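Trainee: Dropping a structure here in structure tokens format, bear with me for questions.
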């Protein structure tokens, strides 16, 4: 394997975009999660705080849907965030079986701090790319993700 590729496989893998994306994702994941870990945070926590800031008070079920997380993962993350007073959980006045999660000022400050930390992680992870290349990479990755997450055409759903 050439020096420009990960030593984990033969040269022919270095020509496959899927392999390169997997290798890059592995390195980026390490950088991001090392930073989150150093701040005693988790990716789920960030997603939940960001969703609350963007959408406002939400039920745990809505948070799970908006964040693309399993309900049990949201429940565990909300428990941790409540314990640290980054979110407030209260019974829904219209349906006592549901909880409504809100983002207090302390949670907003935490989100701001995590935003700065994740910006630094992005800078570290994507250091080989200039700003234009990062924008281009982001646009291409967005197209790939949107392609694979778009709803199936109605005719395909009926098959």
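Residue numbers (UniProt numbering): 1 to 159.
Every residue gets a Cβ at the ideal spot worked out from N, C-alpha and C, and that includes glycine.
Just so it is clear, the structure is predicted and the values come from calculations on it, not from any experiment.
Throw me the rounded Cβ distance for the residue 60 and residue 78 pair, which I believe falls under 8 Å.
Mentor: Start at 1 with the first residue of the chain shown, and residue 60 comes out as number 60. Start at 1 with the first residue of the chain shown, and residue 78 comes out as number 78. 6 Å between Cβ atoms; contact.
Trainee: Could you tell me the boundaries of the beta strand (DSSP E) in which residue 74 lies?
Mentor: Position 74 of the chain shown, counted from the first residue, corresponds to residue 74. From DSSP, residue 74 is part of no beta strand (DSSP E) but of the alpha helix (DSSP H) over 71-83.
Trainee: Along the chain, where does the beta strand (DSSP E) containing residue 88 start, and where does it finish?
Mentor: Working through the chain shown from its first residue, we reach residue 88 at position 88. In the DSSP assignment, residue 88 falls within the beta strand (DSSP E) that extends over 88-92.
Trainee: Quick check on residue 95: does DSSP put it in helix, strand or coil?
Mentor: For this step, residue 95 is matched to residue 95 along the chain shown. If DSSP states are grouped into helix, strand and coil, residue 95 belongs with the strands.
Trainee: Which stretch, first to last residue, makes up the alpha helix (DSSP H) that contains residue 42?
Mentor: For the purposes of this step, residue 42 is identified with residue 42 of the chain shown, where counting begins at 1. Segment: none, residue 42 is in no alpha helix (DSSP H) and carries neither H nor E.
Trainee: Which one of 68, 112, 46, 32 has the shortest CA to CA distance from residue 81?
Mentor: To locate residue 81, count along the chain shown from 1; it is residue 81. The residue with the shortest Cα to Cα distance from residue 81 is 46.
Trainee: Based on Cα-Cα distance, which residue from 141, 89, 32 lies nearest to residue 43?
Mentor: Locating residue 43 in the chain shown gives position 43, where the first residue counts as 1. Check the Cα spacing between residue 43 and each of 141, 89, 32: the tightest is with 32.
Trainee: Where does residue 3 land, buried or exposed, given buried means 16+ other C-beta within 10 angstroms?
Mentor: Numbered from its first residue, the chain shown carries residue 3 at position 3. With a pLDDT of 46 at residue 3, under the threshold of 50, the predicted position of this residue should be treated as unreliable, though the coordinate-derived value follows. Counting Cβ neighbours within 10 Å, residue 3 comes out exposed, since fewer than 16 surround it.
Trainee: Assuming residue 101 contacts residue 89 under a Cβ cut-off of 8 Å, what Cβ separation, rounded to an integer in Å, is found between them?
Mentor: Working through the chain shown from its first residue, we reach residue 101 at position 101. Working through the chain shown from its first residue, we reach residue 89 at position 89. Indeed, because the Cβ distance is near 5 Å, the residues count as touching under 8 Å.
Trainee: Using 7 Å as the threshold, is the C-beta distance between residue 107 and residue 86 below it?
Mentor: If you number the chain shown from 1, residue 107 lands on position 107. If you number the chain shown from 1, residue 86 lands on position 86. Yes; because the gap between Cβ atoms is below 7 Å, this pair is in contact.
Trainee: Return the bridge partner residues of residue 58 from the DSSP annotation.
Mentor: The residue you call residue 58 lines up with position 58 of the chain shown. DSSP, once it has assigned bridges, lists 101 as partnering residue 58.
Trainee: Quick check: the stretch 110-128 against the stretch 46-56, are there 3 or more CB pairs under 8 Å?
Mentor: Yes, the stretch 110-128 is in contact with the stretch 46-56.
Trainee: In whole angstroms, give me the CA-to-CA distance for residue 149 and residue 139.
Mentor: Position 149 of the chain shown holds residue 149. Position 139 of the chain shown holds residue 139. Straight-line Cα distance between these residues: approximately 15 Å.
Trainee: Please report the distance separating the alpha-carbon of residue 1 from that of residue 13.
Mentor: As a position in the chain shown, residue 1 is number 1, starting the count at 1. As a position in the chain shown, residue 13 is number 13, starting the count at 1. Its pLDDT being 44, under 50, residue 1 is placed unreliably by the model, and nothing is read from it.
Trainee: Between which two residues does the alpha helix (DSSP H) carrying residue 16 extend?
Mentor: Reading the chain shown from its first residue, position 16 is the one you call residue 16. Residue 16 -> no alpha helix (DSSP H), and no H or E assigned at all.
Trainee: Can you tell me whether residue 37 is helix, strand or coil according to DSSP?
Mentor: The residue labelled residue 37 in the question sits at position 37 within the chain shown. Residue 37: helix per DSSP, three-state reduction.
Trainee: With distances taken from CA atoms, which of 130, 36, 98, 26 is nearest residue 71?
Mentor: Along the chain shown, one-based indexing puts residue 71 at 71. Looking at the Cα atoms, 98 is the closest of the given residues.
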